Amino acid sequence: NAQISALHANFFVNLGDARAGDVYALIELARSTVQQQCGVVLELEIGLLGEFADVLSVSVADAHV
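Per this note's numbering, the sequence shown starts with residue 3, numbered consecutively.
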């Protein structure tokens, strides 16, 4: 329900009904993949607004990405 933009790898696209947890899990999947393949740890450039306790506990396997 979410994907990394084909136009810019730093943009994430909601394809319809992705929730914040889905997008965050996709971000973490991208960060993990880059770290494993390139040895680079990417830092988030975003700030999370609102209540995100549930979002931060979402695993990549549980997300609907």
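For each residue, glycine too, the CB sits at the ideal point set by N, CA and C.
Fair warning: this is a prediction, and the values are worked out from it, not measured in the lab.
Distance between residue j and residue i (C-alpha atoms, nearest Å)
i   : j   : result
G49 : C40 : 25 Å
N3  : R33 : 18 Å
L46 : G18 : 24 Å
L31 : G52 : 22 Å
I6  : Q38 : 18 Å
A20 : V36 : 23 Å
Outcome for residue i when other beta-carbon atoms lying within 10 angstroms are tallied against a minimum of 16
i   : result
G23 : buried
L28 : buried
V43 : exposed
F14 : buried
A11 : exposed
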